[in-house]
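Under numbering that gives the first Met the number 0, the first residue of the sequence shown carries the number 0, and numbering increases by one thereafter.
One structure below.
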Amino acid sequence: MSEVRIVGTAHVSAESVDEVRREIEGFEPTIVAVELDQNRYHVLKYGAEEPEIADILRSGNLSMFLLQWGLAYVQKKIGMDVGVEPGAEMKAACEAAEERGIRVGLIDRDIRVTLQRFLGLMTLREKLRMAWALLLSVFHLGGGDEEIDVEALKRQDVIDMALEEFRRFSPNGARALIDERDAYLAHQILGLSMVHERVLAVVGAGHVAGIRRYLDDPASLPPLAGLNETAKPFPWLKVIEVGVGALFVSILVLIAFSGVGVGVLAWALVYWVLLHGVLTAVFTLLAGGHPLSALTGFAVSWLTAIHPLIAAGWFSAIVEAKLRRPRKGDVKRMLEADSFSELRQNPLFMVVLVAALANVGSTLGTVAYFLLLFPALGVDPSVLLGQGAENLWRLLVGAG
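Take a look at the structure:
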């Protein structure tokens with residue numbers, strides 16, 4: 000019968016590093032299973048290749064980068080407070096096993112799958128709360144002087160309180176980050192126990208209780224295939240973007256056929272250009288962007304607002320990147336920043352901030368346009384659009 004021992008660690012704990020080494024030496028496992036996937040193991044062992052700025056800014060990648068950075072920053076900040084790099088205990092487990100010629104098993108789910116499921120399972124409300132919490136964490140960098148008792152992070156009562164708070168904050172997010180990974184880790188440990196005499200599993204303390212429940216009752220494990228599904232959620236954002244473009248074009252067409260004259264149609268176009276351009280430029284400048292980046296956002300946001308595949312922030316950020324020239328190591332320096340002012344000295348952070356806020360400005364421009372257009376034109380929308388629809392219908396019927 001295979002023997003399985005689970006070591007629960009705090010990812011930022013100096014004591015956990017020593018504990019892992021002691022367990023390997025005393026237990027003499029035939030395999031050491033660590034809470035890493037192939038990508039994170041490679042990064043931990045060889046270091047990470049920083050992504051190109053153009054790849055970060057592409058549609059869909061920016062939000063994922065901000066999420067990964069935000070989650071990584073919180074853990075890194077705790078690790079800096081005690082002088083230990085997050086993941087040090089996993090690195091120590093791998094090194095100690097390899098020194099003794101013991102196999103290392105990578106038992107965690109691919110981080111990309113976990114993050115995709117994390118975003119896919121969360122409701123809109125949860126996502127907004129998460130974004131707000133990360134925003135607050137950015138503006139409070141280095142704001143507290145209280146010492147963190149990292150070893151308390153491994154006590155079961157503290158773990159239970161933290162998990163309960165996380166489930167209250169984001170029940171679906173907790174499902175992806177904790178519950179599903181408990182099951183995935185348990186699947187992998189059970190598989191290793193069938194071919195190895197002694198398995199030492201090194202996992203985060205928050206996973207220990209869930210893994211043990213599954214190991215005591217393997218029949219309760221959900222199917223492994225379901226834990227790896229990454230079906231894309233319905234693209235609501237793209238649908239909204241297409242809908243906005245269609246609504247804008249429809250309004251212009253109905254104004255054109257309403258008989259009110261070319262002047263009203265021209266002003267409807269001018270308002271679209273100005274509202275998007277001005278708000279995009281203002282938010283670019285609020286982000287600390289260069290005037291050229293703001294001017295670029297002003298020039299293109301009227302078009303990007305009706306194009307579902309491009310965003311104003313992408314163009315503003317490209318110009319900002321040309322001017323600031325982000326360099327290798329900026330991602331690492333973002334994690335090591337102690338204050339918001341220090342973050343603002345980081346070229347990559349400023350480029351990303353410009354991209355994000357320029358997009359916010361463009362979005363507000365769209366909202367403002369549909370709210371303010373008809374009051375600004377001084378016409379009744381029901382009469383104007385109704386007359387346009389009637390005239391267009393007559394033309395189509397007559398042509399038919």
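In this text, a Cβ means the ideal position worked out from N, Cα and C, and glycines have one as well.
For residue i: DSSP bridge partner residues
i: residue 103; result: 31
i: residue 203; result: 8
i: residue 197; result: 2
Span separating the alpha-carbon of residue i from that of residue j
i: residue 229; j: residue 180; result: 14 Å
i: residue 361; j: residue 282; result: 9 Å
i: residue 21; j: residue 342; result: 39 Å
i: residue 145; j: residue 14; result: For residue 145, the pLDDT reaches just 48, beneath the cut-off of 50, and the residue's location in the model is therefore unreliable, although a value from the coordinates is still provided. C-alpha separation (whole angstroms): 20 Å.
i: residue 147; j: residue 325; result: Low per-residue confidence applies at residue 147: pLDDT is 46, beneath 50, and the placement is therefore not dependable, though the value from the model is reported in the following sentence. Roughly 33 Å separates the two Cα atoms.
i: residue 258; j: residue 385; result: 11 Å
i: residue 25; j: residue 36; result: 26 Å
i: residue 92; j: residue 241; result: 50 Å
i: residue 332; j: residue 345; result: 7 Å
i: residue 223; j: residue 108; result: 10 Å
i: residue 433; j: residue 217; result: Outside the shown range of the chain (0 to 399) lies residue 433, about which nothing can therefore be said.
i: residue 250; j: residue 381; result: 11 Å
i: residue 55; j: residue 347; result: 10 Å
i: residue 387; j: residue 167; result: 51 Å
i: residue 370; j: residue 254; result: 16 Å
i: residue 383; j: residue 182; result: 60 Å
i: residue 42; j: residue 293; result: 36 Å
i: residue 237; j: residue 114; result: 20 Å
i: residue 323; j: residue 350; result: 8 Å
i: residue 211; j: residue 239; result: 45 Å
i: residue 274; j: residue 396; result: 36 Å
i: residue 122; j: residue 8; result: 30 Å
i: residue 374; j: residue 335; result: 49 Å
i: residue 129; j: residue 256; result: 46 Å
i: residue 365; j: residue 304; result: 7 Å
i: residue 285; j: residue 45; result: 38 Å
i: residue 393; j: residue 252; result: 14 Å
i: residue 235; j: residue 184; result: 32 Å
i: residue 124; j: residue 233; result: 17 Å
i: residue 245; j: residue 204; result: 51 Å
i: residue 90; j: residue 65; result: 25 Å
i: residue 389; j: residue 359; result: 36 Å
i: residue 206; j: residue 177; result: 7 Å
i: residue 247; j: residue 337; result: 45 Å
i: residue 264; j: residue 308; result: 26 Å
i: residue 169; j: residue 377; result: 46 Å
i: residue 40; j: residue 94; result: 11 Å
Cβ separation of residue i and residue j, assumed to be a contact under 8 Å, to the nearest whole Å
i: residue 34; j: residue 198; result: Wrong, their Cβ atoms sit about 13 Å apart, outside the cutoff.
i: residue 214; j: residue 189; result: 7 Å
i: residue 28; j: residue 106; result: Not really, about 13 Å apart at Cβ, beyond 8 Å.
i: residue 1; j: residue 196; result: 6 Å
i: residue 280; j: residue 372; result: That belief does not hold up - the Cβ atoms of residue 280 and residue 372 are roughly 20 Å apart, past 8 Å.
i: residue 313; j: residue 272; result: About 19 Å separates the two Cβ atoms, so there is no contact after all.
i: residue 288; j: residue 353; result: 4 Å
i: residue 175; j: residue 116; result: 4 Å
i: residue 23; j: residue 191; result: Contact flag wrong, Cβ pair sits at about 15 Å.
i: residue 6; j: residue 200; result: 7 Å
i: residue 278; j: residue 355; result: Incorrect: roughly 14 Å between the Cβ atoms, too far for contact.
i: residue 32; j: residue 86; result: So it is not a contact: roughly 15 Å between Cβ atoms.
i: residue 110; j: residue 171; result: Contact flag wrong, Cβ pair sits at about 18 Å.
i: residue 296; j: residue 315; result: 4 Å
i: residue 88; j: residue 3; result: 18 Å between Cβ atoms; not a contact.
i: residue 311; j: residue 357; result: 5 Å
Where the alpha helix (DSSP H) containing residue i begins and where it ends
i: residue 119; result: 110 to 120
i: residue 46; result: Run containing residue 46: none; DSSP gives neither H nor E here.
i: residue 23; result: 13 to 26
i: residue 97; result: 87 to 98
i: residue 180; result: 179 to 192
i: residue 241; result: 235 to 257
i: residue 371; result: 346 to 376
i: residue 169; result: Neither: residue 169 is in no alpha helix (DSSP H) and is coded neither H nor E.
i: residue 224; result: 223 to 226
i: residue 219; result: No alpha helix (DSSP H) holds residue 219; DSSP gives it neither H nor E.
i: residue 176; result: Where residue 176 is concerned, there is no enclosing alpha helix (DSSP H), given that its DSSP letter is neither H nor E.
i: residue 340; result: 339 to 342
Interface flag, residue i vs chain D, CB-CB below 8 Å
i: residue 360; result: Although the question refers to chain D, the structure presented lacks it and comprises just one protein chain.
Residue i: CB within 7 Å of a non-hydrogen atom of the ligand COA
i: residue 374; result: Because no ligand of any kind appears in the structure shown, any question about the ligand COA cannot be addressed here.
Practice task
Jot down the residue ranges of each uninterrupted alpha helix (DSSP H) in the segment 261 to 324, minimum 4 residues, whole runs only, in chain order.
Solution key: Restricting attention to alpha helix (DSSP H) runs no shorter than 4 residues, the segment 261 to 324 encloses them at 261 to 285, 290 to 303, 311 to 323, ordered along the chain.
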